[in-house]
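Scroll down for the structure; my scribbles are underneath it.
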Amino acid sequence: MTSADVTILVVEDEPLVAMSIVAHLRDEGFVVLEAANADEAIAILEQNARVRLIFTDIDMPGSMDGLKLAAAVRDRWPPVHIIVTSGHRAVTADDLPDGSMFFAKPYHHAEITNSMRQMLG
Numbered sequence: 104m105t106s107a108d109v110t111i112l113v114v115e116d117e118p119l120v121a122m123s124i125v126a127h128l129r130d131e132g133f134v135v136l137e138a139a140n141a142d143e144a145i146a147i148l149e150q151n152a153r154v155r156l157i158f159t160d161i162d163m164p165g166s167m168d169g170l171k172l173a174a175a176v177r178d179r180w181p182p183v184h185i186i187v188t189s190g191h192r193a194v195t196a197d198d199l200p201d202g203s204m205f206f207a208k209p210y211h212h213a214e215i216t217n218s219m220r221q222m223l224g
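Numbering-wise (our numbering), the sequence shown opens with residue 104 and increments by one.
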């Protein structure tokens with residue numbers, strides 16, 4: 104499987120942060136969709152069965168934060184891999200759905216990409 108075969112959903116409400124990670128992932132060859140909050144992310148997931156991984160911030164506006172989004176994705180779309188990030192919260196494995204990963208901000212793009220490739224096999 105090549106990166107071009109993989110669709111990633113980036114859920115980030117900070118425009119500059121979103122632009123940076125989206126540009127990096129596209130440069131790495133991934134197909135990238137964007138959402139500014141969990142509500143948009145759920146709508147995208149309902150419309151796009153090709154999403155293989157979500158990369159979500161925790162703190163964002165809307166009806167749920169990134170941890171609740173991660174739990175909802177695990178319940179409704181179990182094959183979708185999940186990476187959670189935050190610059191404001193310390194998160195333990197117990198806070199995340201099984202098989203998910205956490206990265207504190209600021210993160211290194213290469214670390215994110217390597218982790219995504221490992222998760223996706």
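We put the beta carbon where it would ideally sit given N, CA and C, even for glycine.
Going along the chain, which residues of its own chain have a beta-carbon closer than 7 Å to the beta-carbon of residue i, five neighbours each way excluded?
{"i": "A173", "result": "T159, I185, V187, L199, P200, S203"}
If you drop the 5 nearest sequence neighbours on each side, which residues of the same chain put their C-beta closer than 6 Å to that of residue i?
{"i": "G169", "result": "T159, D160, I161, V187"}
{"i": "E131", "result": "S106, T216"}
{"i": "H212", "result": "H127"}
{"i": "A138", "result": "V114, A144, I147"}
{"i": "R177", "result": "P200"}
{"i": "M167", "result": "A141"}
Using a 10 Å radius around the Cβ and a threshold of 16 neighbouring Cβ atoms, would you call residue i buried or exposed?
{"i": "N217", "result": "exposed"}
{"i": "M163", "result": "buried"}
{"i": "R155", "result": "buried"}
{"i": "N151", "result": "exposed"}
{"i": "L119", "result": "exposed"}
{"i": "S189", "result": "buried"}
{"i": "A207", "result": "exposed"}
{"i": "A121", "result": "buried"}
{"i": "A141", "result": "buried"}
When DSSP builds the beta bridges, which residues end up paired with residue i?
{"i": "M204", "result": "I186"}
{"i": "L223", "result": "Partner(s): none; L223 has no beta bridge."}
{"i": "T110", "result": "V134, V154"}
Who are the near neighbours of residue i in its chain, counting only those whose CB is closer than 8 Å to its CB and skipping five residues on each side?
{"i": "I111", "result": "L128, F133, V134, V135, L136, V154, R155, L156, I157, F158, M219"}
Inside the region 115-200 only - beta strand (DSSP E) runs reaching at least 3 residues: 134-138, 154-160, 184-189
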